[in-house]
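> Residue numbers (our numbering): 81 to 279.
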């Protein structure tokens, strides 16, 4: 199956053709900002017909990048689009195809309820130990030898710029909803909602 996936990802333009029907898992682009960015790039390159054909191939759209990844890892699907990659059983293949690598932004609110705990967490998450074990491509220059910020296909600078224009991002989101349908399914694990800690 690994060779099959490598062959497919070399030709992303050909992904929505009959021989791939029913074996593609994807995250909803209208549910996840990072996947929205990727799908917007794909539409700019291949057009809306590409999305329409992908839907016609019975691609499985799921909430959360973890679901598409898990479907591929379990062998239920052969190809993952817009999903995260973890573990040794999956190959992340780009071959010139656009993907997304970025450092998550973090901060401590000035009115945080527990600023000392927030500082402890911040110190831990940016520590060498946490970055080396929890993050595939750390943005820390002293840890990461892959230098994802130097790979144009990784879109490390383009993604934040895309997200700054919220009106255009929302327009993309609504248009994908017309092609793919409204997002369905349970929220991603760990989703705390708009007001964490309040019932």
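Quick reminder that beta carbons are idealized off the backbone N, C-alpha and C, glycines included.
Ends of the alpha helix (DSSP H) at residue 139?
Numbered from its first residue, the chain shown carries residue 139 at position 59. Per DSSP, residue 139 belongs to no alpha helix (DSSP H) and is neither H nor E.
> With DSSP collapsed to three states, give me the class of residue 107.
Taking the first residue of the chain shown as 1, we reach residue 107 at position 27. Three-state DSSP puts residue 107 in a strand.
> Whose C-beta lies closer than 7 Å to the C-beta of residue 266 among residues of the same chain, with five residues either side of it excluded?
To locate residue 266, count along the chain shown from 1; it is residue 186. For residue 266, where only same-chain residues beyond five positions count, the Cβ hits under 7 Å are 143.
> Could you compute how far the alpha carbon of residue 253 sits from the alpha carbon of residue 95?
As a first step, residue 253 is located in the chain shown; it is residue number 173 there, counting from the start. As a first step, residue 95 is located in the chain shown; it is residue number 15 there, counting from the start. Cα to Cα, the separation comes out at about 21 Å.
> Measure the alpha-carbon distance for residue 185 versus residue 240 and round it to whole angstroms.
As a working mapping, residue 185 is identified with position 105 in the chain shown. As a working mapping, residue 240 is identified with position 160 in the chain shown. Roughly 10 Å between the two C-alpha positions.
> Going by CA-CA distance only, name the one from 103, 198, 160 that's closest to residue 115.
By one-based count along the chain shown, residue 115 stands at place 35. That would be 160, whose Cα lies nearest to the Cα of residue 115.
> From which residue to which residue does the beta strand (DSSP E) around residue 161 run?
Here residue 161 refers to the residue found at position 81 of the chain shown. Residues 159-161.
> For the stretch 195-208 and the stretch 132-147, state whether three or more C-beta atom pairs, one from each stretch, are separated by less than 8 Å.
These segments do not touch.
> Scan the stretch 200-224 and note each continuous alpha helix (DSSP H) run of 4 residues or more that stays entirely inside, going in chain order.
Runs of the alpha helix (DSSP H) inside the stretch 200-224: 208-214.
> Within its chain, find whatever has a CB closer than 6 Å to the CB of residue 120; leave out the 5 residues flanking it on each side and keep chain order.
If you number the chain shown from 1, residue 120 lands on position 40. Hits under 6 Å: 252.
> Locate the alpha helix (DSSP H) running through residue 189, then write down its first and last residues.
Here residue 189 is taken as the residue at index 109 of the chain shown, counted from 1. From DSSP, residue 189 is part of no alpha helix (DSSP H); its letter is neither H nor E.
> Just mark residue 150 as buried or exposed, buried being the case when its beta carbon has 16 or more other beta carbons within 10 Å.
Against the chain shown, residue 150 aligns to sequence position 70. Classification for residue 150: buried.
> Between the alpha carbons of residue 262 and residue 247, how many angstroms are there, rounded?
Position 182 of the chain shown, counted from the start, is the residue given in the question as residue 262. Position 167 of the chain shown, counted from the start, is the residue given in the question as residue 247. Approximately 19 Å, taken between the alpha carbons.
> Using only CA atoms, which one of 154, 128, 189, 124 lies nearest to residue 258?
Within the chain shown, numbered from 1, the residue matching residue 258 stands at position 178. For the residues 154, 128, 189, 124, the minimum Cα distance to residue 258 belongs to 128.
> Grab me the residues of residue 141's own chain with a C-beta within less than 6 Å of its C-beta, minus the 5 sequence neighbours each way, in chain order.
Along the chain shown, read from residue 1 onward, the residue named residue 141 stands at position 61. The residues are 106, 108, 260.
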